[in-house]
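The next block holds one structure in the form of structure tokens; read it before the comments.
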Amino acid sequence: MGYKVCSESTYKALLNEYSNYVDMNLNIDIRRGRPATEQLNLSGAMLKVKSSDFIAKGTNADIRNYGLPKGLPEARQLFADLLGYSVDNVMIGGNSSLNLMYDIVANSMLRGVLGGDRWLDSAKIKFLCPAPGYDRHFKICQDLGIEMITVKMNADGPDMDTIEELVSTDPDIKGMWCVPQYSNPTGITFSDEVVTRMANLKPCCNNFRIFWDNSYCIHHLYPNDQDHVMDIVAACKEAGNPHMVYTFMSTSKVTFAGSGVAVVAASPENIDFLAKQFDTETIGFDKINQKMHVDFLKDPENILKHMERHAKIMRPKFNVVLKALKSGIRSAKVASWSNPKGGYFISVDVMPGCAAKVVDMAAKAGVFFTNAGSTFPYGKDPLDSNIRIAPTAVSVKDLALAMKVFCVCANIAAYEKCAK
Ligand SMILES: Cc1ncc(COP(=O)(O)O)c(C=O)c1O
């Protein structure tokens, strides 16, 4: 006899509960990792910073004018200090790290990388995509015609055996996406072993690059239980691959999402090279915003304190989701989920073959989750199992209701799958 999620009478009660939710006309959106208004308010004072000193530190440059293509020196210093680099390793971009990533991918295709050919001169361009991963990374590849190769994501990072093999044998593989700390969506952090193996890759082409999107590097949920991923820039240097990696972060989830500042850190030679490439597309990023950030954020210690205030707002929301899953999911076969120490997401694997149905049923009840499949290249989850939950943007009350709907849908979908 096949597995049964619950008795038939319980299933009927679940259907009844679901139809009550449908009748409630809910509208709860937990699709994207957006900070809540309360979190944005934490940085409200930044907009009131009035600086009479418009001359960039150590220069004659007026920040209100063109110039300083690598960013405001004091902003470079602040983020270098935060990330443990020297100023030469750091360039400040505009309002979005995703924008920097897209531009660097596109520029690498069209104009090449430091010491390497332009990607378009290759017969094909391929990227390694550890999955589940960040849907917008995959969208960059898809929109630019880059073939994506899915790599299994383990609890300590992507499957390095596969990556080593592919990178050393396929010269069309030009890049790889990584979210190394509190990964989007699984919440895992790459182990030192994974980082070391990654830094020691032996690509068989001269233009392979790792896109190390460290978006959640300071986004811890708990003060005394934190992950810290190893420094890949230093590891690459030690491995004799100093230019193989670009790392990224931004203040989108520190100050204002979409109006923060974005940072790229890499070898000093890469930073010089990138600044030259960017010089064609901009005469300099927004230094006034950089200045406001420096004045508001002040120093690494202050930034970390600020992040603790974010965590205080976020923790109850993560707890609501975890509690709801624990009490609402009927068995380990119906769903398993991550218990992240940081980042913005909880990743749920529902019974294989059920994710699209769960997301669809929840949407019919007015609760919106990220599309099933979106955490995989081409939007296709081979198991139709992974669903990303982004708990931050809505209230605790709405989140609790949304999760009740989610659990009911997951239980129903699993029951019906087993009944087939
Ligand atoms: C892994 C990751 N990278 C980048 C971004 C977007 O960053 P930004 O706002 O700096 O473009 C997000 C937003 O959710 C993200 O999860």
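Using the numbering used here, the first residue of the sequence shown is number 9, and each one after it goes up by one.
By construction, the Cβ of each residue, glycine as well, lies at the ideal position given by its N, Cα and C atoms.
With hydrogens ignored, establish whether the beta-carbon of residue i is closer than 8 Å to any heavy atom of ligand 1.
{"i": "D125", "result": "no"}
{"i": "F256", "result": "yes"}
{"i": "L136", "result": "no"}
{"i": "S105", "result": "yes"}
{"i": "R144", "result": "yes"}
{"i": "R40", "result": "yes"}
{"i": "Y352", "result": "yes"}
{"i": "K147", "result": "no"}
{"i": "G266", "result": "yes"}
{"i": "D346", "result": "The question names Asp, yet the displayed sequence has Ser at residue 346. Not under cutoff, so the answer is no."}
{"i": "V402", "result": "no"}
{"i": "K261", "result": "yes"}
{"i": "S223", "result": "yes"}
{"i": "V187", "result": "yes"}
{"i": "A363", "result": "no"}
{"i": "A270", "result": "yes"}
{"i": "N297", "result": "no"}
{"i": "N192", "result": "yes"}
With a threshold of 16 other CB atoms inside 10 Å of the CB of residue i, please say whether the residue is buried or exposed.
{"i": "R3", "result": "Only positions 9 to 428 of the chain appear in this structure, which leaves residue 3 out of reach."}
{"i": "N212", "result": "This sequence places Cys at residue 212; Asn is not what is there. Exposed."}
{"i": "H236", "result": "exposed"}
{"i": "V356", "result": "buried"}
{"i": "Y74", "result": "exposed"}
{"i": "G248", "result": "exposed"}
{"i": "Y11", "result": "exposed"}
{"i": "D143", "result": "buried"}
{"i": "R396", "result": "buried"}
{"i": "G351", "result": "buried"}
{"i": "L409", "result": "buried"}
{"i": "T383", "result": "buried"}
{"i": "V13", "result": "buried"}
{"i": "F198", "result": "buried"}
{"i": "F146", "result": "buried"}
{"i": "M9", "result": "Model confidence at M9 stands at a pLDDT of 48, short of 50, so the residue's coordinates are unreliable; what they give is reported in the following sentence. Flag for M9 reads exposed."}
{"i": "T378", "result": "buried"}
{"i": "L90", "result": "buried"}
{"i": "D151", "result": "exposed"}
{"i": "Y423", "result": "buried"}
{"i": "S27", "result": "exposed"}
{"i": "L209", "result": "buried"}
{"i": "A340", "result": "exposed"}
Output yes or no for whether 9 Å exceeds the beta carbon distance between residue i and residue j.
{"i": "L4", "j": "W185", "result": "Lying outside 9 to 428, the shown extent of the chain, residue 4 is not represented and no answer is given."}
{"i": "G141", "j": "M109", "result": "no"}
{"i": "A421", "j": "M359", "result": "yes"}
{"i": "L238", "j": "T204", "result": "The question names Leu, yet the displayed sequence has Met at residue 238. A contact, by the Cβ cut-off of 9 Å."}
{"i": "R40", "j": "I112", "result": "no"}
{"i": "P188", "j": "I226", "result": "no"}
{"i": "L244", "j": "A332", "result": "The residue you asked about is not Leu; residue 244 is Cys in the sequence shown. Contact flag unset, no."}
{"i": "S105", "j": "K182", "result": "no"}
{"i": "L122", "j": "F281", "result": "yes"}
{"i": "I133", "j": "D164", "result": "no"}
{"i": "T5", "j": "A273", "result": "For residue 5 there is no data in the structure shown, the boundaries of the chain being 9 and 428."}
{"i": "F304", "j": "M54", "result": "yes"}
{"i": "A319", "j": "Y230", "result": "yes"}
{"i": "F277", "j": "P308", "result": "It should be pointed out that residue 277 corresponds to Glu in this sequence rather than to Phe. Going by C-beta atoms, E277 is not nearer than 9 Å to P308."}
{"i": "V253", "j": "H314", "result": "no"}
{"i": "I279", "j": "V98", "result": "yes"}
{"i": "V202", "j": "P179", "result": "no"}
For residue i, I'd like the list of residues in its chain whose CB is within less than 6 Å of its CB, leaving aside the five on either flank, ordered along the chain.
{"i": "A364", "result": "A380 and D392"}
{"i": "C417", "result": "V366, M369 and A370"}
{"i": "V302", "result": "E82, A83 and L86"}
{"i": "F376", "result": "D37 and R39"}
{"i": "D221", "result": "V187 and F256"}
{"i": "V413", "result": "Y29, A370, A373 and V375"}
{"i": "R72", "result": "F62"}
{"i": "I154", "result": "I133 and F135"}
Can you name the residues that DSSP bridges to residue i?
{"i": "L136", "result": "I157 and M184"}
{"i": "V375", "result": "I36"}
{"i": "P166", "result": "M161"}
{"i": "A408", "result": "Note: A408 sits in no beta bridge, so no partner."}
{"i": "G123", "result": "In the DSSP output, where bridge partners are listed per residue, G123 has none listed."}
{"i": "N63", "result": "Position check: residue 63 holds Ile in this sequence, whereas Asn was assumed. For I63, which the question treats as bridged, DSSP gives the partners D70."}
{"i": "V4", "result": "Only positions 9 to 428 of the chain appear in this structure, which leaves residue 4 out of reach."}
Less than 8 Å between C-beta atoms, sequence neighbours within five positions excluded: which residues of the same chain meet that for residue i?
{"i": "E46", "result": "I321"}
{"i": "R119", "result": "R126 and Q285"}
{"i": "N404", "result": "Going by the sequence as given, residue 404 is Val instead of Asn. Result list for V404: P324, K325 and V328, in chain order."}
Apart from the five residues on each side of it in sequence, which residues of its chain come closer than 7 Å, Cβ to Cβ, to residue i?
{"i": "A265", "result": "R42 and P43"}
{"i": "V329", "result": "I354, I397, P399, L407 and M411"}
{"i": "Q298", "result": "G79, L80, A83, I100 and V269"}
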